[in-house]
Each structure stands twice: as C-alpha cells, then as structure tokens.
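Asks: Have a look at this one.
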Amino acid sequence: MFEPVIPYLLVLAFALAAIGAARRVRLWRRGQSSPVHFWRGLAAMPRRYLVDLHHVVARDKYMSNTHVATGGGFVLALVLVVLVHGLGLHSAWLVWPLLAASLLMAVGALFVWKRRRKPASELPNSRLSRGPWQRLPKSLLAFALGFFIATLPAAGILPEGTGGALLTLLLLALCTWGLGELVFGMAWGGPMKHAFAGALHLAFHRRQARFGGGRDTGLKALDLTADKLGVEKVTDFKWNQLLGFDACVQCGRCESKCPAFAAGQPLNPKKLIQDMVISLAAQEEVSYRGSPHPGQENAARTGCPDKPLVESMLDSQTLWSCTTCRACVEECPMMIEHVDAVVDMRRFLTLERGQTPGKGQEVLENLIATDNPGGMAPASRSNWAADLNIPLMKEVQEADVLLWVGDGAFDMRNQRTLRALVQLLRAGGVDLAYLGNEELDSGDLARRLGDEATFQRLAKANIKTLGKYRFNRIVTADPHSLQCLGTEYAELGGDYRVEHHSELLAELHRNGKLAFNGGQSGKLTYHDPCYLGRYNGVYDAPRYLLDQLGFERSEMERSGFRSRCCGGGGGAPVTDIPGERRIADMRMDDAREVDAELMAVACPQCTLMMEGVVEPRPQVKDIAELLLEALAQPAQEQPQRQKEEAHV
Numbered sequence: 001m002f003e004p005v006i007p008y009l010l011v012l013a014f015a016l017a018a019i020g021a022a023r024r025v026r027l028w029r030r031g032q033s034s035p036v037h038f039w040r041g042l043a044a045m046p047r048r049y050l051v052d053l054h055h056v057v058a059r060d061k062y063m064s065n066t067h068v069a070t071g072g073g074f075v076l077a078l079v080l081v082v083l084v085h086g087l088g089l090h091s092a093w094l095v096w097p098l099l100a101a102s103l104l105m106a107v108g109a110l111f112v113w114k115r116r117r118k119p120a121s122e123l124p125n126s127r128l129s130r131g132p133w134q135r136l137p138k139s140l141l142a143f144a145l146g147f148f149i150a151t152l153p154a155a156g157i158l159p160e161g162t163g164g165a166l167l168t169l170l171l172l173a174l175c176t177w178g179l180g181e182l183v184f185g186m187a188w189g190g191p192m193k194h195a196f197a198g199a200l201h202l203a204f205h206r207r208q209a210r211f212g213g214g215r216d217t218g219l220k221a222l223d224l225t226a227d228k229l230g231v232e233k234v235t236d237f238k239w240n241q242l243l244g245f246d247a248c249v250q251c252g253r254c255e256s257k258c259p260a261f262a263a264g265q266p267l268n269p270k271k272l273i274q275d276m277v278i279s280l281a282a283q284e285e286v287s288y289r290g291s292p293h294p295g296q297e298n299a300a301r302t303g304c305p306d307k308p309l310v311e312s313m314l315d316s317q318t319l320w321s322c323t324t325c326r327a328c329v330e331e332c333p334m335m336i337e338h339v340d341a342v343v344d345m346r347r348f349l350t351l352e353r354g355q356t357p358g359k360g361q362e363v364l365e366n367l368i369a370t371d372n373p374g375g376m377a378p379a380s381r382s383n384w385a386a387d388l389n390i391p392l393m394k395e396v397q398e399a400d401v402l403l404w405v406g407d408g409a410f411d412m413r414n415q416r417t418l419r420a421l422v423q424l425l426r427a428g429g430v431d432l433a434y435l436g437n438e439e440l441d442s443g444d445l446a447r448r449l450g451d452e453a454t455f456q457r458l459a460k461a462n463i464k465t466l467g468k469y470r471f472n473r474i475v476t477a478d479p480h481s482l483q484c485l486g487t488e489y490a491e492l493g494g495d496y497r498v499e500h501h502s503e504l505l506a507e508l509h510r511n512g513k514l515a516f517n518g519g520q521s522g523k524l525t526y527h528d529p530c531y532l533g534r535y536n537g538v539y540d541a542p543r544y545l546l547d548q549l550g551f552e553r554s555e556m557e558r559s560g561f562r563s564r565c566c567g568g569g570g571g572a573p574v575t576d577i578p579g580e581r582r583i584a585d586m587r588m589d590d591a592r593e594v595d596a597e598l599m600a601v602a603c604p605q606c607t608l609m610m611e612g613v614v615e616p617r618p619q620v621k622d623i624a625e626l627l628l629e630a631l632a633q634p635a636q637e638q639p640q641r642q643k644e645e646a647h648v
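Each step along the sequence shown adds one to the number in full-length UniProt numbering, with nothing skipped, and position 329 is 329.
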C-alpha cells in the first residue's frame, strides 16, 4: 500500500530541496565576486570529499567510522531508493544493496546517538552544538529504518501488504521524516545543511591548492585601490567564503584546539563562523546552541547582512584575540578558513577606522616611521653582528645563502640565536652574506594586524632590494619571515626559495659538513612554532637535529600539527586581549607534564613568550644555541669560539 506513495514523496522532497538550494545560493551570492572553475571544481569535488576531507575526519577514528556509515550509507541508500522505489526497478542487484546501505546507515545513526547522549558538560562532547543537532541521530534512523522496512517486500522477505494500514502509516511517517530532514532540510538550513554546502564548498574552495596534499597558507593580497578596505559587513566577504561558513558542521574541533578559547579570551572559532552564518541569514543569536565566546554567555544579538559585523554581531576583542596560529583551520573537517576571515575583518578596523587596540597602533606607527615594530633606529639593525664580519650583499653582490635576520636583530635575547647560527653556518662552510641595514621588516606583524598598506610597502621595498643581488636561497631563523618571504611575497612579485635555519643545518649534518657531540644529558622537549609547522610543514628537521645531541626527548601532548600556540603570533602580544590565563603559561604546563628540563624552540617569538613564563620552568633555548654548544670542532678553532661566546 505504501509503495505507490514513495515516488510522490521523492518528487516533493527533491522539489522543495531545489527551492531551498536556490534560496541558499542567493544568500551566498550576496558576497563579493570570486572567480572559480565551475565544471572543474564540480568534477574534483567527489575526490576532495572522499580523500582530502576524510584525511582530516580520520584523525578522530570514532567519527571517521561513523561518518563512513552514516554519510556513505545515506548517499548510497538515497540513490538506490530513487532507483528501486522511485523508478520501480526491483532487481535483486539493487534491492539487496539498498537493504545493506540502510542497515549500515542505521548502525551509524546509533553511533551518532551514543556520541550525543551525554550531558553537554561532559568532555569531549561539550564542544558539540546542541539544539537541532540533537535530533540528527533520530532523523538518520528514521530514514534508514523507514526505507529498510519498505524494501523488505521487494526483497521477498515480507509478503506484499504485510502489516496493513498501521504499518503503512508508520512507514509513511518515518520516510517523510527522513526525507524531510536529510533531503529537504539539507538545502533549507537544517542540521544536514553541511552536506549540501560542504560539497559545493569543496568544489569552489577559495584555496584550491589545499587539495591533493598541497599547502596554501598565505594571506590573500588586498586591493588597496578598492572603495572599501577589508570586511565591514558579512556581504563584503567573497561569495565562496560565505559558502564555506555555511558548510560548518559545528563539531567544535576548532574550538577544542583554539589557544585563545582555552585561555578564556573572547574567541570561539566555531562561534565566529556561526556569527557569519547568523548575520547572513538575519537570524537570532539564540538559534546557536553551542559554546559562546568566553565572557559573552548572555549575548543576544540579531544578525543583519546590511550592518557592520562589529556593531551588530561581534565584539572587536573577539577578532583581536586570534593568534593566527591556524590550529582551527588545521582541525576543521570541512576545511574552512577561519584566519582569512579574522584578518579580513581586522583590515577594515585598522585601515578604515584606525581601531587597533593595545600597543597595536604604536607598533604600526613605528613600522611606518622606522621600518621596524620597536621603533629602533634603522641604522642599528646590523649592530648585533659588528664583530662577526659577515659579508654584506651590497659588497659581494652574490652568495649561495642570503641570511634574513628579521627583528631578532633588535632584541638582545634573539641576537644570541643569530650569532650561534652564523657560527654554525661558518663551521659548515656555507657561502653566506646578509643585507645589513638594507633589510627591512618582513611586514608579518603589519599584515596580521590588518595594515595591508604597510605590509605591501615593506614587501615591495624588500623585493626591490633582493632583486639587486644573486643568491640561491634565503635562510632565516624566524618562521614569520619564512612565511612572508617564502609564501606571501610571491603574489607581489617576489618568488624565492626560503628555508628555516633548522632545514639548512640538518642538510649540513647529513652531508657531513657539521658534526655534533651526542653526549648531552637531561630531558628535553621541542615546541613546534605555528608558523614553522602548520604554516610551512617543517616538523622533521628540528627533531632530527635534536636527536643528534643525546638528550632524552619527549613529545608534549600537543605537538606536531596539533602543537599548542605560544601566544606570540598574529600581533597578540601587542593587542594584549585579557583572558583567564596566558597562552604561554598553558604551553609551559605542557612541558612540565613531560618533566622536561629544557624546551627547545625554533622561533624568536616563541623564545620571548616561553622565557616570559614565571620560573620555576624548563630552560628555553633555540635549536641553534643547543647545536653550537655541542658542535664538534678542531682544537685550533676552540679559542675563537670561546672568544665569540664570551662576547655574547
């Protein structure tokens, strides 16, 4: 009795879904233009969904298996439902796979229910959004069981007409519920909307290079001739950014890894993305049922696509809390770009309104006046190397390695790292030179604080200077400079081979040009800098070098691509947004938990942040300093080395 009704249900569900999809597309298209390869993107979408996205989902084995069962089971079951019940193709080759897919989906639904049945206060599920999401396992189960039972007569397991009117009504209710939530609701903003928006987001992603194992971490250049600089309203975002926001599944993985959220600062990256969705759809903030931005638990705002985000939906401190560490981006199973959104909104506040908090405005003024954030005299940039006799590029014109010093040149603590690095490179026979006072700030801090104009000025000046000389590669001890010169200068015409000092030192050791005494003792742990690891994928070289020294090395609970930020990126130390605790203190607690006596670092910002933690704590040293202490040198070179160390 139920069989003749199914085709009409399917037609109705797909028709309403098409209307909802068109409505959703119109919302996304309110954003700014962004060129995409339409057919190429659609063709690439299945592989991106099944491979690239699932590589991220697979980090959580429970959810990976659950997603395969529910997502895979649903897609297969829906296709077979159309063939079997919609078109009446009752072949055993279709009927039995439909039963298997429905059963698989039902099992997945039970796992979803198990994950969501605990109270919101219990970890790890406190990060999951509630509200409409709580009905998702029931909807999945309704679809799976409804069509499983409805297919039994076609499989010959039950005779036609079994159960009479009561079973017919029950099956009608289950299948209508399942189709309504999973097909109709997918396009109208229900809990399954991420399946529709997510698929298109992968097809038209703003960073196509992220797929197929690629890496794309550079901020996009801003057109400084535009009528409006940065993002004021949600419709100022690119349309495919809006599509990406709508793909959020509200799983909270970004929330669980965000250092600012953990520190009690007013930023929850999941809530930030939902703020964009709420604004675009003109919804009430109460419709969001997840963790709020810390300290904003009682906020009740109304989204409006035509009002400034900071006035209608966001507190500006939420934007300035971000350290731009990309932990949220790395964790997001839907591959959403949170950091791009934060910096786009910062650009408007800085360039259009001049509202950079804390010491941010002072730092930007220093960069404009002196080309360095500390306001130091530009002529003093080379003072740290006065007795090292490093060749200047303007004198030698060419070298194998150009040493990019960075702002460590003005900081006495990080000058020790630079001096150690120079001595190591000389011991390895490297043909080395540097720019001296010709080098300007890389522009990293200006760009992260939203001052794209100052960044582009500094970048173009540095590119012009570098264009005068010949070198094979640039080497730097500063991952922030590594990111700018190696990734973000390319869009402005500066295409260079840039390496971190740990990569070159590891190469020298492997080639037999550097040797180290491996008799060091004590417990050591290594802190992965965000801009070295998540931004540039350098994880192995530092560990390789440290393992040559003989220390007992332990990994902190958060390490590698999941390393906890030190709190020093994105201008956070100068904007100085208050929280319940300091990010650097939390990172040092991670080191204490593995009983480390020594924390090895590979970034001048990390050095300053970690040494700023109140003692007692592990000693903090850059990799270059540790390697110099263990450097095996001929006896005749020892007096000169001792003289240089005494000077430091």
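Virtual Cβ for every residue (Gly too), placed ideally from N, Cα, C.
For the alpha helix (DSSP H) containing Ile273, list its first residue and its last residue.
Replies: 269-281
Asks: With H, G and I counted as helix, E and B as strand and the rest as coil, what does DSSP make of residue 649?
Replies: This structure does not reach residue 649, given that the chain is present from 1 up to 648, and the question cannot be answered.
Asks: Can we say the stretch 107-119 touches the stretch 135-152, given the rule of at least three CB pairs closer than 8 Å?
Replies: yes
Asks: Are the CB atoms of Met527 and Ala427 nearer to each other than 9 Å?
Replies: Reading off the sequence shown, one finds His at residue 527, where the question assumed Met. Contact: no.
Asks: Which two residues bound the contiguous beta strand (DSSP E) that contains Thr323?
Replies: No beta strand (DSSP E) holds Thr323; DSSP gives it neither H nor E.
Asks: Compare the C-alpha of His293 against each of Asp306, Lys307, Trp320, Gln283 and name the closest.
Replies: Minimum Cα distance to His293 is reached at Trp320.
Asks: Quick one, which of Gln317, Ser34, Thr151, Met345 has its alpha-carbon nearest Val574's?
Replies: Gln317
Asks: Is the stretch 467-485 touching the stretch 600-613 in the sense that three or more CB pairs, one from each, lie closer than 8 Å?
Replies: Verdict: yes, contact present.
Asks: Is the stretch 197-206 touching the stretch 331-344, taking contact as three or more C-beta pairs under 8 Å?
Replies: yes
Asks: Return the CA-CA distance between Arg30 and Gly131, expressed in angstroms with no decimal places.
Replies: When rounded, the separation of the alpha-carbon atoms in Arg30 and Gly131 is 28 Å.
Asks: Would the C-beta of His201 count as close to the ligand MN, meaning under 8 Å from any of its heavy atoms?
Replies: For the ligand MN, the structure offers nothing, since it holds no ligand at all.
Asks: Around the C-beta of Asp223, are 16 or more other C-beta atoms found within 10 angstroms, so that it is buried, or is it exposed?
Replies: exposed
Asks: List the endpoints of the continuous beta strand (DSSP E) containing Thr476.
Replies: 470-476
Asks: Just verifying my parser: in three-state terms, what is the DSSP assignment at Ala377?
Replies: coil
Asks: Where Leu608 and Glu503 are concerned, what is the direct C-alpha to C-alpha distance, given to the nearest angstrom?
Replies: 22 Å
Asks: Count the C-beta pairs between the stretch 340-353 and the stretch 58-72 that are closer than 8 Å, then say yes if the count reaches three, no if not.
Replies: no
Asks: If we count the other Cβ atoms within 10 Å of its Cβ and call it buried at 16 or more, is Ser559 buried or exposed?
Replies: buried
Asks: What residues in its chain sit with their C-beta under 8 Å from that of Asn366, if we drop five residues either side in the sequence?
Replies: Asn372, Pro373, Gly374, Gly375
Asks: Return helix, strand or coil for His500, following the three-state DSSP convention.
Replies: strand
Asks: Which word fits Ile19, buried or exposed, when buried means at least 16 other C-beta atoms lie within 10 angstroms of its C-beta?
Replies: exposed
Asks: Could you please give me the residues that DSSP links to Asp444 through a beta bridge?
Replies: Answer is none; Asp444 lacks a bridge partner.
Asks: List the whole-angstrom C-beta distance separating Asp400 from Asn517, where the pair is believed to meet the contact cut-off of C-beta under 8 Å.
Replies: Wrong, their Cβ atoms sit about 27 Å apart, outside the cutoff.
Asks: Can you tell me which of Val430, Ala100, Ala226, Thr323 puts its alpha carbon nearest to the alpha carbon of Pro269?
Replies: Thr323
Asks: Looking only at C-alpha atoms, which of Ala515, His90, Glu438 sits nearest to Cys429?
Replies: As written in the sequence, residue 429 is Gly, which differs from the Cys given in the question. Measuring from the Cα of Gly429, the nearest candidate turns out to be Ala515.
Asks: Pick out whichever of His509, Gly494, Glu488 has its Cα sitting closest to the Cα of Leu219.
Replies: Among His509, Gly494, Glu488, the Cα nearest to that of Leu219 is on Glu488.
Asks: Would a C-beta distance cut-off of 9 Å place Leu418 and Leu440 closer than the cut-off?
Replies: Not a contact, by the Cβ cut-off of 9 Å.
Asks: Under the DSSP definition of a beta bridge, which residues are partnered with Tyr434?
Replies: Leu392, Leu403
Asks: According to the Cβ coordinates, are Met276 and Leu242 closer than 9 Å?
Replies: yes
Asks: Using only the alpha-carbon positions, how far apart do Glu232 and Leu449 sit?
Replies: 15 Å
Asks: To the nearest angstrom, how far is the alpha carbon of residue 733 from that of Gln265?
Replies: Here the chain comprises residues numbered 1 to 648, so residue 733 is not present and cannot be evaluated.
Asks: Quick check on DSSP: helix, strand or coil for Arg553?
Replies: strand
Asks: Kindly provide the ranges of any alpha helix (DSSP H) runs that are 4 or more residues long and lie completely inside the stretch 25-86, ordered along the chain.
Replies: 38-47, 53-57, 61-67, 73-81
Asks: Skipping 5 residues on each side, what residues in its chain have a beta carbon closer than 8 Å to that of Ala15?
Replies: none
Asks: Taking 8 Å as the threshold, find out whether the stretch 304-316 comes into contact with the stretch 183-190 through three or more Cβ pairs.
Replies: no
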